[in-house]
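To keep things clear, I will list the structure first and then write my remarks on it.
In our numbering, the protein residues as written are 107 to 591.
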């Protein structure tokens, strides 16, 4: 069960962020004597938040440390020890997270904190539920500081302090707000963070050979980290695979997997009452039915060429996948569906699993060419989007699809030849009919005999047109049963 004792009124979080600024609003230069909160004469904002979890709009304000003094009423983040100046920020109604970044012109180091309340009664807004981060330098990424927006609070104060020799007092404060959406795996560009390996294969090809033989069996393993620390307590929940058409899904058993951490259960539409569904609107995702198999497919519009368009609406059905579910708390029904439960139980988790797959066997070269893709992609989910958890800070709605290696079926391999065995006594004429399995009449069938010193009359053969008859007169020159191949 999630630790509700950590869900304080001042829920906030820390975010290592990639800032995508579509529009940047420049604020007039900060007056250099605002080294007290009550001296603030300008306001940044109101901010502009894309409620659909799209791009971020930054507001940039100039500041300077000239003649700035320490702030004696504050004890956090060095404000009472170092020169400190103030900014005031207004956030809009759609804001769930308030992000800040500072760039300086000199060699000094900025450290800043964000407060709510009023200048005569300030309340420090902390970092995350799992890791309390009150100051911008509370962790390794000291260039960005992001907190959660408090309920019914639209005004915030930022105290910026300077550590070191102030050789150039000028700096720029960047401010942005976002809705409750983050990515807990992947980023723009869709370069996969997961690692795919072929652990074993039934053919004699090298493990790293990207081509597979028809009918080949392989053990595929995937390893990745899921990091939900940008959220409140949104946990990893589901993994929905996307297998290419070259894999033989009739031979696929989702229960025959090796998984760590253990506890994953396969859910699909075969049992509708226990089938997975999306519980939040997902801006990048959409679903469609495969035109060949009719199977429901999930597609990420930011990473794949999809025959559908987002967003995927809440309560939409999902394809089958593995889900790591734990009993949920208040508001959760805890039935057989993953939508009624919480996720894996930890904010950062390393997932390792291996699955057994088999390549299709084709009777037609065109079918092989059309279905040669052996991709193995997957989409992750958190319990905030496929479970019953409603995160107060942010949910992993922007997870990027993990696009696997470019594996293919080797369709250049000769098609199977269909023939019959024949049995004769002592001597006689064979009647062995050979045909090309895919019916292609442009194929040549070449027969090479393995010599047997106890049998005479066997011959090599060369049949054009995709078929032929072996009609050899064979004589067994021994007193025992002999086999000709």
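Beta carbons are placed, not taken as given, at the ideal position from N, Cα and C, and that holds for glycine.
Distance check for residue j and residue i, CA to CA, integer angstroms please.
i, j, result
"residue 277", "residue 208", "7 Å"
"residue 338", "residue 488", "12 Å"
"residue 93", "residue 342", "Nothing can be reported for residue 93, as the shown portion of the chain is limited to 107 through 591."
"residue 174", "residue 243", "20 Å"
"residue 448", "residue 429", "10 Å"
"residue 394", "residue 461", "24 Å"
"residue 399", "residue 426", "14 Å"
"residue 147", "residue 507", "46 Å"
"residue 579", "residue 551", "20 Å"
"residue 322", "residue 309", "6 Å"
"residue 316", "residue 169", "55 Å"
"residue 556", "residue 528", "16 Å"
"residue 189", "residue 141", "8 Å"
"residue 505", "residue 373", "20 Å"
"residue 265", "residue 186", "11 Å"
"residue 293", "residue 471", "38 Å"
"residue 251", "residue 297", "25 Å"
"residue 442", "residue 436", "17 Å"
Excluding the five sequence neighbours on either side, which residues of its own chain have a C-beta within less than 6 Å of the C-beta of residue i, listed in chain order?
i, result
"residue 228", "221"
"residue 418", "384, 388, 391, 392"
"residue 481", "350, 510"
"residue 456", "331"
"residue 524", "541, 543"
"residue 584", "560"
"residue 590", "558, 561, 564"
"residue 237", "Legend: pLDDT at residue 237 = 48, less than 50; position of this residue unreliable, value from coordinates given subsequently. Around residue 237: no qualifying Cβ."
"residue 344", "427, 429, 487, 492"
"residue 450", "341, 342, 430"
"residue 225", "143, 144"
"residue 255", "197, 201, 202, 204"
"residue 458", "329, 366"
"residue 586", "none"
"residue 348", "483"
"residue 180", "186"
"residue 178", "186"
Between which two residues does the beta strand (DSSP E) harbouring residue i extend?
i, result
"residue 492", "Not the beta strand (DSSP E): residue 492 falls in the alpha helix (DSSP H), residues 489 to 492."
"residue 578", "Counting along the chain, residue 578 falls outside any beta strand (DSSP E), and DSSP gives it neither H nor E."
"residue 333", "323 to 333"
"residue 463", "454 to 464"
"residue 348", "342 to 349"
"residue 52", "The structure shown has nothing for residue 52, since the chain only spans 107 to 591."
"residue 366", "363 to 366"
"residue 394", "391 to 395"
"residue 533", "533 to 535"
"residue 504", "That residue, residue 504, is in no beta strand (DSSP E); it is neither H nor E in DSSP."
"residue 525", "523 to 525"
"residue 540", "538 to 542"
"residue 251", "250 to 254"
"residue 276", "276 to 284"
Taking residue i as part of the alpha helix (DSSP H), name the residues at either end of that continuous run.
i, result
"residue 310", "No alpha helix (DSSP H) holds residue 310; DSSP gives it neither H nor E."
"residue 472", "471 to 476"
Using a Cβ-Cβ cutoff of less than 8 Å, which residues in the same chain neighbour residue i once the five nearest sequence positions on both sides are dropped?
i, result
"residue 198", "151, 152, 153, 154, 155, 260, 283"
"residue 302", "326, 327, 328, 482, 510, 511"
"residue 333", "290, 291, 453, 454"
"residue 386", "420, 490, 491, 501, 503"
"residue 318", "307, 309, 311, 324, 352, 465, 480, 513, 514, 515, 516"
"residue 439", "446, 494"
"residue 299", "291, 292, 330, 331, 508"
Whose C-beta lies closer than 7 Å to the C-beta of residue i among residues of the same chain, with five residues either side of it excluded?
i, result
"residue 553", "566, 567, 576"
"residue 415", "392, 407"
"residue 217", "183, 184, 241, 242, 243, 267, 269"
"residue 157", "200, 285"
"residue 211", "274, 276, 277"
Report yes if the C-beta of residue i is less than 6 Å from at least one heavy atom of the ligand PLP; otherwise report no.
i, result
"residue 352", "The ligand PLP is not part of the structure shown, which contains no ligands of any sort."
Say whether the stretch 401 to 408 touches the stretch 464 to 479, bearing in mind that this needs 3 or more beta-carbon pairs closer than 8 Å, one atom from each stretch.
The stretch 401 to 408 vs the stretch 464 to 479: no contact.
Taking contact to mean at least 3 C-beta pairs separated by less than 8 Å, is the stretch 362 to 369 in contact with the stretch 514 to 532?
Cβ pair count under 8 Å is below three, so no.
Whether or not the stretch 566 to 581 and the stretch 530 to 545 are in contact is what I'm after, with contact meaning three or more pairs of Cβ atoms, one per stretch, closer than 8 Å; do they touch?
Contact between the stretch 530 to 545 and the stretch 566 to 581 is present, because at least three Cβ pairs lie under 8 Å.
Are the stretch 255 to 271 and the stretch 184 to 194 touching, with three or more C-beta to C-beta distances below 8 Å?
The stretch 255 to 271 vs the stretch 184 to 194: in contact.
Would you check if there are 3 or more beta carbon pairs closer than 8 Å linking the stretch 265 to 280 to the stretch 200 to 217?
Three or more Cβ pairs drawn from the stretch 265 to 280 and the stretch 200 to 217 lie within less than 8 Å of each other, which places the two stretches in contact.
Fully enclosed by the stretch 158 to 244, which alpha helix (DSSP H) runs are 4 residues long or longer?
As far as the stretch 158 to 244 is concerned, it has no whole alpha helix (DSSP H) run of at least 4 residues.
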